[in-house]
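Q: Handing you this structure, nothing more for now.
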Amino acid sequence: MMDFSLNGARLTALPSGALWWGEMRLLCVSDLHLGKSERMARRAGTLLPPYEVAETLTRLESDIAAHNPAKVVCLGDSFDDLMAGQGLDQGARMRLTVLQAGREWVWIEGNHDAGPLDLGGVHLAELALGGLVFRHIAAPNLAASGGEISGHYHPKVRLAGQGLPAFLLGQARLILPAYGAYTGGMLADRAPLQGLMGPRARALALRGGKILQVPLP
Amino acid sequence: MPLPHSAPPPYLAAMNLPAPLKDWIAAQGWGLHPHQKEMLARADAPATLLIAPTGGGKTMAGFLPSLCELAHGYDGLHTLYISPLKALSADIARNLRAPVAGAGLPITIEDRTGDTPSHIRARQRVRPPHILLTTPESLALMLSYPDAGRIFGSLRRVVLDELHALAENKRGDQVMLLLARLQSLAPQMRRVGLSATTHDPAALARYLHPEAGLIIAPAGPAPDIALLATRAPPPWAGGGGHYAIPDILAEVARHQTTLIFHNTRAQAEIFFHKLWLANADNLPIGIHHGSLALDARKRVESAMAEGSLRAVVCTASLDLGLDWGAVDLVIQVGAPRSVGRLVQRIGRANHRYNAPSKARLVPANRFEIIECVAALQAAAAGDLDGAAQPEGGLDVLCQHILICACAAPFAADTLYDEVRSAGPYATLTRAGFEQALDFVATGGYALRAYDQWQRLMLRQGLWGLRDPRSAALIRQNLGTITDTPRIPVRLKGGAGLGEVEESFAASLRAGDTFLIGGQIVRFQSLDERAVTVARSAAQTPRVPVYSGGKFSSSLQLARRIANLIAAPAPLPPDARDWVLQQSDISRLPNMQRLLIECFPHEGQIFHAIYGFAGQNAQATLGLLLSKVMEEEGLAPLGYLAADHATLIWGLRAMTDPAPLLDSARLHAGLEDWLAGTAVMKRAFRGVATITGLTPRNIQGLRKSGRAVTFSTDILYDTLRKYDAGHLLLAITRAEAERGLVDFSRIAELLARVEGRFDLLHLDRPSPFAAPLLLERGRVPIMGQGRDELAEAEARALMRAAGLD
Numbered sequence: 001m002m003d004f005s006l007n008g009a010r011l012t013a014l015p016s017g018a019l020w021w022g023e024m025r026l027l028c029v030s031d032l033h034l035g036k037s038e039r040m041a042r043r044a045g046t047l048l049p050p051y052e053v054a055e056t057l058t059r060l061e062s063d064i065a066a067h068n069p070a071k072v073v074c075l076g077d078s079f080d081d082l083m084a085g086q087g088l089d090q091g092a093r094m095r096l097t098v099l100q101a102g103r104e105w106v107w108i109e110g111n112h113d114a115g116p117l118d119l120g121g122v123h124l125a126e127l128a129l130g131g132l133v134f135r136h137i138a139a140p141n142l143a144a145s146g147g148e149i150s151g152h153y154h155p156k157v158r159l160a161g162q163g164l165p166a167f168l169l170g171q172a173r174l175i176l177p178a179y180g181a182y183t184g185g186m187l188a189d190r191a192p193l194q195g196l197m198g199p200r201a202r203a204l205a206l207r208g209g210k211i212l213q214v215p216l217p
Numbered sequence: 001m002p003l004p005h006s007a008p009p010p011y012l013a014a015m016n017l018p019a020p021l022k023d024w025i026a027a028q029g030w031g032l033h034p035h036q037k038e039m040l041a042r043a044d045a046p047a048t049l050l051i052a053p054t055g056g057g058k059t060m061a062g063f064l065p066s067l068c069e070l071a072h073g074y075d076g077l078h079t080l081y082i083s084p085l086k087a088l089s090a091d092i093a094r095n096l097r098a099p100v101a102g103a104g105l106p107i108t109i110e111d112r113t114g115d116t117p118s119h120i121r122a123r124q125r126v127r128p129p130h131i132l133l134t135t136p137e138s139l140a141l142m143l144s145y146p147d148a149g150r151i152f153g154s155l156r157r158v159v160l161d162e163l164h165a166l167a168e169n170k171r172g173d174q175v176m177l178l179l180a181r182l183q184s185l186a187p188q189m190r191r192v193g194l195s196a197t198t199h200d201p202a203a204l205a206r207y208l209h210p211e212a213g214l215i216i217a218p219a220g221p222a223p224d225i226a227l228l229a230t231r232a233p234p235p236w237a238g239g240g241g242h243y244a245i246p247d248i249l250a251e252v253a254r255h256q257t258t259l260i261f262h263n264t265r266a267q268a269e270i271f272f273h274k275l276w277l278a279n280a281d282n283l284p285i286g287i288h289h290g291s292l293a294l295d296a297r298k299r300v301e302s303a304m305a306e307g308s309l310r311a312v313v314c315t316a317s318l319d320l321g322l323d324w325g326a327v328d329l330v331i332q333v334g335a336p337r338s339v340g341r342l343v344q345r346i347g348r349a350n351h352r353y354n355a356p357s358k359a360r361l362v363p364a365n366r367f368e369i370i371e372c373v374a375a376l377q378a379a380a381a382g383d384l385d386g387a388a389q390p391e392g393g394l395d396v397l398c399q400h401i402l403i404c405a406c407a408a409p410f411a412a413d414t415l416y417d418e419v420r421s422a423g424p425y426a427t428l429t430r431a432g433f434e435q436a437l438d439f440v441a442t443g444g445y446a447l448r449a450y451d452q453w454q455r456l457m458l459r460q461g462l463w464g465l466r467d468p469r470s471a472a473l474i475r476q477n478l479g480t481i482t483d484t485p486r487i488p489v490r491l492k493g494g495a496g497l498g499e500v501e502e503s504f505a506a507s508l509r510a511g512d513t514f515l516i517g518g519q520i521v522r523f524q525s526l527d528e529r530a531v532t533v534a535r536s537a538a539q540t541p542r543v544p545v546y547s548g549g550k551f552s553s554s555l556q557l558a559r560r561i562a563n564l565i566a567a568p569a570p571l572p573p574d575a576r577d578w579v580l581q582q583s584d585i586s587r588l589p590n591m592q593r594l595l596i597e598c599f600p601h602e603g604q605i606f607h608a609i610y611g612f613a614g615q616n617a618q619a620t621l622g623l624l625l626s627k628v629m630e631e632e633g634l635a636p637l638g639y640l641a642a643d644h645a646t647l648i649w650g651l652r653a654m655t656d657p658a659p660l661l662d663s664a665r666l667h668a669g670l671e672d673w674l675a676g677t678a679v680m681k682r683a684f685r686g687v688a689t690i691t692g693l694t695p696r697n698i699q700g701l702r703k704s705g706r707a708v709t710f711s712t713d714i715l716y717d718t719l720r721k722y723d724a725g726h727l728l729l730a731i732t733r734a735e736a737e738r739g740l741v742d743f744s745r746i747a748e749l750l751a752r753v754e755g756r757f758d759l760l761h762l763d764r765p766s767p768f769a770a771p772l773l774l775e776r777g778r779v780p781i782m783g784q785g786r787d788e789l790a791e792a793e794a795r796a797l798m799r800a801a802g803l804d
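Following this line, the structure appears as structure tokens:
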């Protein structure tokens, strides 16, 4: 766990790749890519081990059990595409329903899942809350007053010879790592990410249940 | 080929040689070797393996029966020639056309490889030549089309070149499955295998066909091999053999054409660079290795063929193939590691049957003197090393099932019988076959998730593709070569120079310079298709990483090394002095005790363990001992294995080896430990590629965009967690174990030394340990040590950035 502030909000990065906002009792996860193996089977004809939905939901259940959030925000690309979302089996739907019981649930739209699904919760393009705006893809130019939480890029950093998923933390924005089991990543020093993060930005890298803080190049 | 230079007695007994061909051969002043005549005599046998030394006219022997049968005309494809090297196909086609044209025979000859233009490939499928020369991968592709039966139905003969090289790896498994397919399409097909001298000819013959006959041509005269005499002695440690450059240049000047072999591409690049700096006479010297652009390689090959190069710095890419009669010296830089490989490389000098080949070895450091002398002794004794042919891999079978499904729906019973007729799969059980079929069809998962999207469907008793469009993806991903992913390097707005590994490309920063094909270039940009560079005049370039096979070698070389250390009289004086130094500074290792040296180096603690058990056993020891060291909190970071020793490094030193090297303790929990290691993850990556789980190419997109890729490590971990009995995990385990040995060999080693462990703490690497530090094939250990390192590095970076 690692605490930090963004635009006045006290936030906590969790080693799972989820974000916890204690004051709001809000849990945020990005890029679940549920149904990725189903989509690959449908489109490319390759049959990946069909366990990523179970694995990703297990992670989410564990974070929700540990923090009991009042509100859960899924920051886009929650489903690998809309058909993959519709194709979730009964077991997975049931697990989602149980997770949603007794709390607010927000699906932010992503580039992979741009429309609503019949899976409970609210479907929004963006969510503004307590000085922060939650959206899938970081806006190139932030309003001077804003703080922004986004996902999309699946950021990673290299540390001691390994590529590690990481939160990227700048002056006014935070980019979340991908939370889904079957997700790759983009190194933080590549063009689109480097352009987004300003000077003195940091990465909070996830490694074996710990969070290691490193400067961005 | 028949002999252009020597003048043998003209055999030329009639046989079935057609008159025009006989006349043409006679007009060249050539004669047939006895083994070539023998091949003609056995033309009707179902399978024949010919073993002959380099330059013995093997290839011609393989084709003579075809030329006879084709002399009177034929309709359709008659002979298929398969070689592991693309370059060889084009070369053989040229060599064959000479006698065919000279004798005016009505025979068409064409080659077909990945480099053949698509309009020619299309035409070849409509109107195949009489003789087609190809590679395993191109054959797999041809057999995946529905018209395979029409094209190959007329086939009479197949010639497999360099069979010893194919049989060493999965390409051999694939070729033997493809031959079984061909045999069904063309029951009259007869097989010819061609091989260099090998350690177990009978086993190789059985591999070709259960009833294959064997012809062994006499070995040529004994080669002239020795260590190269150098002005300066080799360094204590170090690689690359740069100290010998003046002596090597002198040899190049004294000979007509010299091949200078290196064990790695990186070493070849650095050596070539330094050689040019020292090449005061401007001798024309080229470089050739598997990561150079096709054009660059072809330029060097044709310059060699014309005799306009005096030397080529090369790697295993020139181990096989091309007939260069003008090569009169082979120089091997670095210990050859495998005696079989040494003998083959030596054979490249003097590609003429009855002339002795000349070769010189250049040890890169003092320890390699011992290894070179051991290899020379083994070569002189004709003691070739080699592994037993393993059973056919199920991953290759999975791909083969896909190939068959692309061509036409098949019945499981028929395919099972056909597969078992391939040598490596003779003992395949029905259950094993069904598992592979189930994997291909449904994914084979305990959770049946893909009913709707199965890859194969059973319809009216035949298995076929659910979606015929998936054939395109399957065809794009055929083949069993699973190199580390590479990316091309191009000059800005210009020619391709070669390839580097993607991980090396990713580590490049603006302004970095590196060596490729002997040129120094400056990194400009990287996108998904290429690394763009400009020429540079920098003096200290980096050298690209090329992983790629480390040569494994045998227990018997390790024994010879132990004997030379115990009795160093056959070694040159420099090496003898150096052995004495080792005994002064540390101790001489031997086979009755187990010497363990422990020393600090570059901020970490290294342990060198001299077991003389052969590389596979030393690797197993590294795996086991690192497990126990992790349990003891010694924080090991990695290990590597040589023939005679294992090197393990980490954060803390051993104090008492006895409790660590306890047989029961080493064995306990071995399965779990192995399952989590980099050894298994690396093996899984290859298996996932070959079986089509993670296609290299997805619909024309290079698989390096963020959207499609994530590490196969994730799939591996997921399978272990949710589906531990899955077929791919079983294949992966079998694959990883190929490079390890049975636990019993380690138990034997421990029994041999009976607790006589000598742990010496030194303040720096001993003479014997120093060369080990440069060995390749490091296996990382992901444990406590890496955690500590990562945390320390993160703290240091934050401090340096002023952010802590």
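From first to last, the protein sequence lines stand for chains A and B.
Read left to right, the first sequence gives residues 1 to 217 (our numbering).
Read left to right, the second sequence gives residues 1 to 804 (our numbering).
Where a beta carbon is used, it is the ideal one built from N, C-alpha and C, also for glycine.
The structure displayed is predicted, hence computed values, not measured ones.
What are the partner residues of residue 29 of chain A, as DSSP defines its beta bridges?
A: Partner(s): A:74.
Q: Taking the DSSP output, what are the residues bridged to residue 370 of chain B?
A: Answer is none; residue 370 of chain B lacks a bridge partner.
Q: By how many angstroms is the C-alpha of residue 78 of chain B removed from the C-alpha of residue 152 of chain B?
A: Their Cα atoms are separated by approximately 8 Å.
Q: State the Cα-Cα distance for the pair residue 251 of chain B and residue 188 of chain A, rounded to the nearest angstrom.
A: For residue 251 of chain B and residue 188 of chain A, the distance between alpha carbons rounds to 51 Å.
Q: Terminal residues of the continuous beta strand (DSSP E) containing residue 457 of chain B?
A: Taken as a continuous stretch (DSSP letters only), the beta strand (DSSP E) holding residue 457 of chain B covers 456-459.
Q: How many angstroms separate the CA atom of residue 285 of chain B from the CA atom of residue 530 of chain B?
A: Straight-line Cα distance between these residues: approximately 28 Å.
Q: Considering only C-alpha positions, which residue in the set A:20, A:196, A:125 and A:57 is nearest to residue 35 of chain A?
A: With distances taken between Cα atoms, residue 35 of chain A lies closest to A:57.
Q: Within 7 Å (strictly less), CB to CB, does residue 548 of chain B reach chain A?
A: Only weak support exists for where residue 548 of chain B lies, its pLDDT of 46 falling under 50; the value from the coordinates is given anyway. Closer than 7 Å: no.
Q: Quick one: which chain A residues come within Cβ less than 9 Å of residue 805 of chain B?
A: Residue 805 of chain B is absent from the model: chain B starts at 1 and stops at 804.
Q: Pick out whichever of B:632, B:515, B:185 and B:525 has its Cα sitting closest to the Cα of residue 536 of chain B.
A: Per the Cα distances, B:515.
Q: Along chain B, which residues have their Cβ under 7 Å away from the Cβ of residue 160 of chain A?
A: Those are 786, 789, 790 and 793, listed as they occur along chain B.
Q: Note down, in chain order, every chain B residue with its Cβ under 7 Å from the Cβ of residue 208 of chain A.
A: What residue 208 of chain A touches in chain B: 787.
Q: For the segment 725-744 of chain B and the segment 426-443 of chain B, state whether three or more C-beta atom pairs, one from each stretch, are separated by less than 8 Å.
A: With a cut-off of 8 Å, the segment 426-443 of chain B and the segment 725-744 of chain B count as touching, because enough Cβ pairs lie within range.
Q: Mind checking residue 399 of chain B: buried by the 16 CB within 10 Å criterion, or exposed?
A: Buried: at least 16 other Cβ atoms inside 10 Å.
Q: Just to confirm my understanding: we take residue 410 of chain B, look at its own chain, exclude 5 residues before and 5 after, and list those with CB closer than 7 Å. What are they?
A: Within the same chain, residue 410 of chain B has close Cβ partners 404, 462 and 463.
Q: Residues of chain A with CB under 8 Å from residue 639 of chain B, in chain order?
A: Those within 8 Å of residue 639 of chain B in chain A number zero; the least Cβ separation is about 16 Å.
Q: So with Cβ pairs under 7 Å, would you call residue 801 of chain B a contact of chain A?
A: Output row for residue 801 of chain B: interface = yes.
Q: Can you tell me the Cα-Cα spacing of residue 375 of chain B and residue 617 of chain B, whole angstroms?
A: Computed Cα separation, rounded: 19 Å.
Q: Using 10 angstroms around the beta-carbon of residue 373 of chain B, count the other beta-carbons present and answer buried if the total reaches 16, otherwise exposed.
A: Buried, since its Cβ has 16 or more Cβ neighbours within 10 Å.
Q: In angstroms, rounded to a whole number, what distance separates the CA positions of residue 152 of chain A and residue 134 of chain A?
A: Taking the straight line from one Cα to the other gives about 12 Å.
Q: Evaluate residue 1 of chain A with the Cβ neighbour count: other Cβ atoms within 10 Å of its Cβ, from every protein chain shown; 16 or more gives buried, anything less gives exposed.
A: Residue 1 of chain A comes out exposed.
Q: Measure the Cβ-Cβ separation of residue 221 of chain B and residue 363 of chain B and say whether it is below 7 Å.
A: The answer is no: Cβ separation not under 7 Å.
Q: Please confirm whether residue 98 of chain A has its beta-carbon closer than 7 Å to some beta-carbon of chain B.
A: Not an interface residue.
Q: Just the Cα atoms here: how many angstroms apart are residue 137 of chain A and residue 166 of chain A?
A: Their Cα atoms are separated by approximately 16 Å.
Q: Mind pulling the chain A residues with CB within less than 7 Å of residue 798 of chain B?
A: Those within 7 Å of residue 798 of chain B in chain A are 213, 214 and 215.
Q: If we define contact as Cβ-Cβ less than 7 Å, is residue 183 of chain A a contact residue for chain B?
A: Output row for residue 183 of chain A: interface = yes.
Q: Just the chain A side, please: which residues come within less than 7 Å of residue 715 of chain B by C-beta, in chain order?
A: What residue 715 of chain B touches in chain A: 48 and 49.
Q: What does residue 530 of chain B touch in chain A if you count any residue whose Cβ is under 9 Å from its own?
A: Simply none; closest approach about 16 Å.
Q: For residue 800 of chain B, I'd like the list of residues in its chain whose CB is within less than 7 Å of its CB, leaving aside the five on either flank, ordered along the chain.
A: Excluding positions up to five away in sequence, the list is empty.
Q: Keeping to the same chain, check which residues put their C-beta closer than 7 Å to that of residue 218 of chain A; ignore five residues upstream and five downstream.
A: The question about residue 218 of chain A has no answer, for chain A in this structure spans 1 to 217.
Q: Enumerate in chain order the residues of its own chain whose CB-to-CB distance from residue 39 of chain B is below 8 Å, with the five nearest sequence positions on each side excluded.
A: Result list for residue 39 of chain B: 48, 50, 61, 62, 64, 65, 192 and 215, in chain order.
Q: Can you pull out the residues from the segment 395-406 of chain B whose beta carbon lies closer than 8 Å to at least one beta carbon of chain A?
A: So the list is empty, because no residue satisfies the distance condition.
Q: Can you give me the start and stop residues for the beta strand (DSSP E) that residue 134 of chain B sits inside?
A: 131-134 is the extent of the beta strand (DSSP E) around residue 134 of chain B.
Q: Quick check on residue 41 of chain A - is its C-beta less than 7 Å from some C-beta in chain B?
A: Chain B contact via Cβ: present.
Q: Please report the distance separating the alpha-carbon of residue 20 of chain A from that of residue 52 of chain A.
A: Between residue 20 of chain A and residue 52 of chain A, the C-alpha separation is close to 23 Å.
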